[in-house]
Structures are given as structure tokens and as C-alpha cells.
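One structure is given below, encoded as C-alpha cells.
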């Protein structure tokens, strides 16, 4: 299984926090194909990056419809999210690895029998070697032997969907903390 990981940030009680979202997928080619089809449906090019924020402009109604379809794409994945106090993404990534290890160790989990790959958006890990050393401490979990890679988000459909997951969780957290929830008609 591949876990694609992207980040966001949030202020909670006037202190910075890091959000890391991991999107577990079994077939990254199928995710790529589904996202390309969705991009085409909304008039985006295959090279256009899908993000929670910072996408090229589109009408509000189309943007909301695209967001709804992106959430549907997430339905077939394993979504895991960590909110960590501070801006240290490496520490947040370690907490996320522990969460993935916990998930992999659950009864009936098929992850113990398959290799794991953790793909991070560029800029999350300060030290890939240090992160690999941390993963080894999680043995006997399959996360201990996971491969780790870092790519630019525009190179990975799964990371683009992890960005959407991180942004959605940021919004949901802000609403839970009292931010006004605008009503969106879908």
C-alpha cells in the first residue's frame, strides 16, 4: 500500500499546529486515472494540480462540485490525519508513522503482508535518513521497513488528494473550534 502525505497548518488557541494527512491507496495508477478523468470533466489539464487552496481560478459552483467529487474519490482510500502542535513537520511525520503502524497492526489488516511506501510532498521531511531511523523503531510493524520518497505534489495524484484531505480536515477543525460554517449548496 502507498501512503501519500501532504500538509497544512492551522492556528489553535493562537498557537501554530501542523496537519499531516496520509492517504492510503492500493493502486496509484487507478487514482491517477480517476483524477485525470475528473480534471477533464471540470476543464482542467492533466498537468493542472488539484489542491484544496491555490488552484487556478474557476467558478465557485464548479469549484464546489469539484470538491464534492474529490471527496468521493477519497472514499476508496485509507485516510489518516495527525494534528501536531508546532511547525515541526518531521515530528508530525513521526506521529503519523505511528498512526499508520497502529492501523497496520489492527486485526484483519492486510498491510502486514504487503510492502508499504510512504510518499511525502516536498518540504515535509527535514531528514529522510532520520525519518527512516525513526521508522525502524516501530518494528515489528510493516512501517519499520517502509520505503520513503519525496516528490513535488504536481507529480502525484495521490499527494494531490492528500492535499485535499489535509485542507478538508483543516476546515472541519476550524468549524469545530467555532469558525462560522458557510452553507454550500451541492
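Residue numbers (my numbering): 2 to 187. Ideal placement from N, C-alpha and C gives every residue a C-beta, glycine not left out.
Practice item. Take every Cβ of the segment 151-158, pair it with every Cβ of the segment 172-182, and state whether three or more of those distances are shorter than 8 Å. Key: no
Review point. In the structure shown, what three-state DSSP assignment does residue 32 receive?
Key: The sequence position of residue 32 within the chain shown is 31, counting from 1. It is helical.
Point to revise | Distance, residue 85 Cα to residue 68 Cα | key: On the chain shown, residue 68 is found 67 positions in, with the first residue counted as 1. On the chain shown, residue 85 is found 84 positions in, with the first residue counted as 1. Residue 68 and residue 85: Cα-Cα distance of roughly 25 Å.
Check your understanding: What's the C-alpha gap between residue 77 and residue 164?
Key -> In the chain shown, counting from the first residue as 1, residue 77 sits at position 76. In the chain shown, counting from the first residue as 1, residue 164 sits at position 163. Taking the straight line joining both Cα atoms gives about 16 Å.
Point to revise | Span of the beta strand (DSSP E) around residue 18 | key: Position 17 of the chain shown, counted from the first residue, corresponds to residue 18. Element bounds for residue 18: 16-26.
Review point. Does DSSP classify residue 119 as helix, strand or coil?
Key: Here residue 119 refers to the residue found at position 118 of the chain shown. Reduced to three states, the DSSP call for residue 119 is strand.
Exercise for review: From the DSSP output, in three-state form, read off residue 43 for me.
Suggested key: Position 42 of the chain shown, counted from the first residue, corresponds to residue 43. DSSP places residue 43 in coil when its eight states are reduced to three.
Review point. If you check the beta carbons only, do residue 87 and residue 19 fall under 8 Å apart?
Key: The sequence position of residue 87 within the chain shown is 86, counting from 1. The sequence position of residue 19 within the chain shown is 18, counting from 1. A contact, by the Cβ cut-off of 8 Å.
Check your understanding: To the nearest angstrom, how far is it from the Cα of residue 99 to the Cα of residue 145?
Key -> Residue numbering aside, residue 99 sits at position 98 when the chain shown is read from its first letter. Residue numbering aside, residue 145 sits at position 144 when the chain shown is read from its first letter. Rounded to whole angstroms, residue 99 to residue 145 spans 10 Å at the Cα level.
Review point. When the Cα atoms are used, what is the spatial distance from residue 187 to residue 168?
Key: Reading the chain shown from its first residue, position 186 is the one you call residue 187. Reading the chain shown from its first residue, position 167 is the one you call residue 168. Low confidence applies to residue 187: its pLDDT is 38, below 50, so where it sits in the model is not reliable, and the reading given next is rough at best. Each residue's Cα considered, the two are about 18 Å apart.
Exercise for review: Just tell me which of 43, 38, 122, 175 has its CA closest to the CA of residue 157.
Suggested key: Start at 1 with the first residue of the chain shown, and residue 157 comes out as number 156. Looking at the Cα atoms, 122 is the closest of the given residues.
Review point. Do you know offhand how far residue 59's Cα is from residue 48's?
Key: Here residue 59 refers to the residue found at position 58 when the chain shown is read from its first residue. Here residue 48 refers to the residue found at position 47 when the chain shown is read from its first residue. Straight-line Cα distance between these residues: approximately 16 Å.
**Study point:** With 16 other Cβ atoms within 10 Å as the buried cut-off, status of residue 143
**Key:** To locate residue 143, count along the chain shown from 1; it is residue 142. Classification for residue 143: buried.
**Study point:** Own chain residues within Cβ distance below 6 Å of residue 96, not counting five before or after
**Key:** As a first step, residue 96 is located in the chain shown; it is residue number 95 there, counting from the start. Here the set comprises 83, 85.
Check your understanding: For residue 25, does the count of other Cβ atoms within 10 angstroms reach 16, so buried, or fall short, so exposed?
Key -> Within the chain shown, the letter at position 24 stands for residue 25. By the 10 Å Cβ count, residue 25 comes out buried.
Check your understanding: What residues are listed by DSSP as bridge partners for residue 95?
Key -> Numbered from its first residue, the chain shown carries residue 95 at position 94. Paired residues: none, contrary to the question.
Practice item. In the DSSP assignment, find the unbroken beta strand (DSSP E) run with residue 10 in it and report its ends. Key: Numbered from its first residue, the chain shown carries residue 10 at position 9. It spans 3-13 - the beta strand (DSSP E) in which residue 10 sits, taken as one unbroken run.
Practice item. Quick one: using the 10 Å Cβ neighbour count with 16 as the cut-off for buried, is residue 117 buried or exposed? Key: Stepping through the chain shown from its first residue, residue 117 is reached at position 116. Buried is the call here.
**Study point:** Secondary structure of residue 85, DSSP reduced to three states
**Key:** In the chain shown, the residue the question calls residue 85 occupies position 84. Three-state DSSP puts residue 85 in a strand.
Review point. According to the neighbour-count rule (16 or more other Cβ atoms, all chains shown, within 10 Å of its Cβ), is residue 23 buried or exposed?
Key: If you number the chain shown from 1, residue 23 lands on position 22. Answer is buried; the Cβ neighbour count reaches 16.
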